[in-house]
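Right under this line is the structure:
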């Protein structure tokens with residue numbers, strides 16, 4: 230399991246990304262953050278967010294239209 | 005790889021355009037892209053400290069929907085982008101002069117200062133410019 234959990238279900242763009250950025254500040258380098266989202270743009274958004282911020286997207290899943298991402302803080 | 009700075013020239017007082025500018029600015033900032041926003045013309049009226057929530061933005065059909073669905077307020081989004089990334093918002097010195105405003109009449113903890121268009125355009129030569 231990830232070290233921290235962020236639930237942004239029901240929030241629309243750009244709030245999931247803004248909340249994730251804020252939450253990652255409290256994750257130590259090497260630690261992980263799991264994000265739960267329902268925004269249909271979230272899958273591609275989190276891929277792009279991790280690429281541009283240099284963090285690692287360890288997992289991206291869709292379970293009953295809830296998207297789950299695990300991000301490893303590397304930057 | 006360092007991203008090119010994004011420059012946003014925000015002149016419209018329309019809710020829809022200010023919302024889009026705030027979304028672009030905040031997402032770019034948290035994606036570690038530097039952002040500079042230059043606020044002028046009708047857009048600067050939306051940044052007045054004493055503007056009421058109901059009249060702060062002009063808007064049409066989509067503005068009503070944004071309010072109904074309780075989309076995040078653009079001023080809040082700009083603030084969050086500023087807290088979480090390298091986002092600077094500048095007030096057009098000409099617009100301030102025309103309105104007879106000082107910087108302290110604009111929203112607190114948001115505006116970096118007053119800036120001239122010549123400096124903004126000169127800085128923007130090395131980045132990407134979006135106007136709204």
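Chains as they are written, first to last, in the numbering used here: chain A, 230 to 304; chain B, 5 to 136.
Yeah, the Cβ is synthetic: ideal placement off N, Cα and C, and Gly gets one too.
Residue-level contact check: residue 277(A) touches chain B, since one or more beta carbons of chain B fall below 9 Å from its beta carbon. A contact is defined here as three or more CB-CB pairs under 8 Å, and the segment 5-23 of chain B meets this definition with respect to the segment 40-56 of chain B. Under the Cβ criterion of 9 Å, residue 39(B) is not counted among the residues facing chain A. Straight-line measurement puts the Cα of residue 233(A) at about 19 Å from the Cα of residue 271(A).
Residue 256(A) and residue 284(A) have their alpha carbons spaced roughly 12 Å apart. Residues of chain A with a Cβ closer than 8 Å to the Cβ of residue 27(B) are, in chain order, 242 and 243. Restricted to the segment 82-109 of chain B, the alpha helix (DSSP H) segments that are unbroken, complete and at least 4 residues in length are 97-103, listed in chain order. 9 Å or more divides the Cβ of residue 88(B) from the Cβ of residue 82(B). Annotation: the continuous alpha helix (DSSP H) that includes residue 29(B) extends over 19-34. Contact between the segment 241-250 of chain A and the segment 27-36 of chain B is established, with three or more Cβ pairs separated by less than 8 Å. In this model, residue 74(B) and residue 239(A) are separated by some 12 Å (Cα to Cα). The C-alpha of residue 245(A) is placed about 20 Å away from the C-alpha of residue 20(B). A contact is defined here as three or more CB-CB pairs under 8 Å, and the segment 273-283 of chain A fails this definition with respect to the segment 102-112 of chain B. About 16 Å separates the beta carbon of residue 262(A) from that of residue 295(A), a gap too long to meet the 8 Å contact definition.
Residues of the segment 273-303 of chain A with a C-beta less than 7 Å from any C-beta of chain B: 278, 281 and 282, listed in chain order.
For residue 78(B), none of the residues of chain A pass the 9 Å Cβ criterion, the least Cβ distance being about 11 Å.
For the pair residue 124(B) and residue 27(B), the Cα-to-Cα distance works out to about 21 Å. Contact annotation, residue 50(B) with residue 61(B): C-beta distance approximately 5 Å; criterion of less than 8 Å satisfied. Linking residue 9(B) to residue 129(B) through their CA atoms gives a straight-line distance of about 10 Å. For residue 79(B) against residue 114(B), the beta-carbon gap comes to about 7 Å, under 8 Å, which counts as contact.
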